[in-house]
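Protein chains in written order, with numbering that gives the first Met the number 0: chain A, 0 to 271; chain B, 0 to 319.
So the structure is just underneath, and the comments pick up after that.
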Amino acid sequence: MRPGVMTVYRWELRKLRAQKRTYLGLGAAAAVPIIFVTALVTGGGRPNDVAFGRYVHDTGLAVPLVLLLFGSIWLFPLITALVAGDIIASEDRNATLKMILTRSVERHQVFAGKALAAATYAVLAIAIAGAVALGAGILASGFNPVTTLSGTVVSAPKGLELVGASLLVYLLPILAIACIGLLLSTVFRNSGAAIVGTLMFSLLVQLVGILPGLSGLHPYLLSTQFNAWQGLLRTPADWDPIVRSLWVCALYGLPALAAAALVFLRRDVAES
Amino acid sequence: MAESPPIEVRGLVKRYGEITAVDDVDLTVNSGDVFGYLGPNGAGKTTSLRMMLGLIRPSAGSVRLFGRDPQISVAALEGVAGFVEAPSFYPYLSGLDNLKLCAALDGTATTATIDEVLEIVELRDRAKDKVKGYSHGMRQRLGIASALLRKPRLLLLDEPATGLDPAGMRDMRVLIRDLGERGITVLLSSHQMMEVEELCNRVAIIRSGRVAYEGSLAELRGRAGVSYRLRTTDDARAKDVCLAQPGIEEVAETGEAGLTFKAADEGSVAALSVALAESGAPVLELTPRQATLEDLFFQLTEDDGQEPSLRREQLIEELA
């Protein structure tokens, strides 16, 4: 059978499993919720100034939601960048592109397999963070009904559904960050520069978000899209921020992905 | 219809800004050739190989592997394998896993094939060790193994013996000869004149991005002719005799005692030995000397035809 994108994808996942940095990111995704819940339990305080912060002692379902807010500043962009920024640049570091590009897979298939693997890693990191936060939160505060941003109370099972859906919506800006990481990885051919560059981009966009006089830009900033999931936690659900997040994230991610693909397809593979 | 040659390069050019790394190269490697691709550092050998494997795009010209263009699709690399510069692998994977990855990306090799190639390159015992612990020689052998996985009809090897110890170089020569005897066409880019002389039937010598010679080794040697070394009881008189003798050319004194000359044919040499005896300068030594590939290489790749030692002296003077 002729190899294709899925062959590359499977091997990219296997390569990720063999690298320590993979576990660094996933470990952080699992450790941060545990540290957060431990601090809640031992300290007894609550982050009242963020959405759902006041409910963290009432229901474990509030814990992953609070974590999503905190994680958007640098944790999840960094974890995403760890792999997205490295996945192509590492081939330059190891001079292995010449090996894989002289087998029987086309360049576009190699790129697609790598992009899928970077996206998978980002999804896995969010899933792990969400699951651990949920598990630790439920252990600490119980599986209880949650109060939405509209003030209505929803049952625990319904709340669980909403948390799951929120994680999915949260993936939109995360995947856009992954695309930017891929672009920098392809252009810089240097993992460190690509990872730091991706994080810097994420922080820069957040900085623009807090600058006075630029409020008109807020709905179109990538950082704003990290809060789009909150539309689900209203009664009735507010779909506007979610729909906007879809196209705004696409506006950030797709051109970056297309540019990365173009550079990768056209580049000369010589020693760097 | 006759099958297209394994490698057919026409008018190949690669420019990097103002620098022309490969300049209008024409090359044909025929089926069954073990083809030596020779040139000094920076002559454009590796750049040519990268274009042949579709890794970099030519500025002009074309490459055809068995009639197919590697710039269009990797389908052109079907039956083609090799490596440029040192073979590279994922250091955090074992040698075996690296080969499994290559096999998966080839879509053809099986576990049995992987075992077979590990056996050929004698890496079976270390196959499960991570590549980061491999020596340079082991990586070179793993590179050959990964190339053989593709069951190639054409193998492109870039300096496969670089960095190997003498035993490793000998083993590599044995392996390449064996592959050639199995009918695999080999393009061997090398600095090792002895290696090329021993293994290759045809060569191309590239200089400053251009092909200075392409053809058989025998033809190249024929072009250089056979030179003779002569020592007599009286070299000064012998030189006069040589200069006057029909069919004797390029008479020169050697650094040590004696002369060198070229002859049109063996009959001229026989007549010269008689003339020398009659002139009172009897022959002490008269030996034919076939030009080595190294001699020819320097003739073709050095600008002024001077001896390397002389060039070195001039460089030292210039630097001083």
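All residues carry an ideal CB built from backbone N, CA and C; glycine is no exception.
Keep in mind it's a predicted model, so treat the numbers as computed, not measured.
Taking 9 Å as the cut-off, the beta carbon of Ile176 (chain A) is found no closer than this to the beta carbon of Ala260 (chain A). Around the beta-carbon of Ala74 (chain B), fewer than 16 other beta-carbon atoms lie within 10 Å, marking it exposed.
Membership of Val210 (chain B) in the beta strand (DSSP E) is indicated by the continuous run Arg209 to Ser215.
The secondary-structure analysis by DSSP pairs Gln289 (chain B) across a beta bridge with B:Val225. Its Cα nearest to that of Gly191 (chain A), the residue A:Ala88 stands out among A:Val168, A:Ile72 and A:Ala88. Three or more pairs of CB atoms, one per stretch, sit closer than 8 Å, so the segment 288-304 of chain B contacts the segment 178-195 of chain B. Residues of the segment 90-123 of chain A with a C-beta atom less than 7 Å from some C-beta of chain B are Asn93, Ala94, Thr95, Lys97, Met98, Ile99, Leu100, Thr101, Arg102, Ser103, Val104 and Glu105, listed in chain order.
Comparing alpha carbon positions, the residue from B:Pro165, B:Gly60, B:Gln139 and B:Arg206 closest to Glu7 (chain B) is B:Gly60. DSSP, reduced to helix, strand and coil, places Thr101 (chain A) outside both helices and strands of the structure shown, so it counts as coil. Shown here, Leu187 (chain B) sits in a strand according to DSSP, grouped into three states. Across the segment 160-191 of chain B, no CB contact with chain A closer than 7 Å is found for any residue. For the pair of segments examined, the segment 54-71 of chain B was found not to touch the segment 157-170 of chain B: the number of CB pairs separated by less than 8 Å stays below three. Against Asp267 (chain A), the close residues of chain B are Arg49, Leu54, Ile55 and Arg56, in the order they occur along the chain (beta-carbon pairs closer than 8 Å). The beta carbons of Leu141 (chain B) and Gly94 (chain B) sit closer together than 9 Å. For Leu68 (chain A), the closest C-alpha among the options A:Val268, A:Arg188, A:Leu245 and A:Thr223 is that of A:Thr223.
Of all residues in the segment 15-36 of chain A, those with a C-beta nearer than 7 Å to a C-beta of chain B are Ala17 and Gln18, reading in chain order.
Against chain A, the beta carbon of Tyr89 (chain B) has neighbours under 8 Å at Lys14, Ala17, Asn93 and Thr95, listed in chain order.
Approximately 53 Å separates the beta-carbon atoms of Asp105 (chain B) and Arg233 (chain A); this is outside 8 Å, ruling out the contact.
Rounded to the nearest whole angstrom, the C-alpha separation of Val4 (chain A) and Arg16 (chain A) is 18 Å.
Contact note: Thr6 (chain A) reaches chain B through Ala103, Leu104 and Gly106, using a C-beta cutoff of 8 Å and chain order.
In this structure, the CA atom of Val250 (chain B) is about 58 Å from the CA atom of Tyr89 (chain B). Considering only beta carbons, no part of the segment 180-193 of chain A lies closer than 9 Å to chain B. An exposed status is given to Pro235 (chain A), since fewer than 16 other beta-carbon atoms sit within 10 Å of its beta-carbon.
Under the rule that a run must span 4 or more residues, the alpha helix (DSSP H) segments found entirely inside the segment 126-214 of chain A read 155-187 and 190-209.
Under DSSP, Lys129 (chain B) takes part in a beta bridge, and its partners are B:Ser93.
Per the Cβ contact rule, the segment 262-281 of chain B is in contact with the segment 229-238 of chain B (3 or more Cβ pairs under 8 Å). For Met199 (chain A), no chain B residue has a C-beta closer than 7 Å to its own C-beta; the minimum C-beta separation is roughly 27 Å. Using a C-beta cut-off of 8 Å, the segment 116-127 of chain A makes no contact with the segment 136-149 of chain A, since fewer than three inter-stretch Cβ pairs fall below that distance.
Put simply, of B:Ser134, B:His135 and B:Pro159 the residue whose alpha carbon is nearest the alpha carbon of Ala146 (chain B) is B:Pro159. The Cβ atoms of Leu271 (chain B) and Gly246 (chain B) sit closer than 9 Å to each other.
Taking Leu220 (chain A) as the centre and dropping the five residues before and after it, the same chain places the C-beta of Val204, Val207 and Gly208 closer than 7 Å to its C-beta, in chain order. Here the segment 199-214 of chain B does not lie against the segment 121-134 of chain B, with fewer than 3 beta-carbon pairs under 8 Å apart. Your pair Val7 (chain A) and Val109 (chain A) checks out as a contact, with CB atoms roughly 5 Å apart and the cut at 8 Å. In terms of Cα proximity to Arg265 (chain A), the closest of B:Gln70, B:Val210, B:Leu26 and B:Gly167 is B:Gln70.
Counting only runs of 4 or more residues that sit fully inside the segment 161-187 of chain B, the alpha helix (DSSP H) segments are 165-180, in chain order. For the options B:Leu26, B:Leu37 and B:Asp23, the alpha carbon positioned closest to that of Phe297 (chain B) is the one of B:Leu37.
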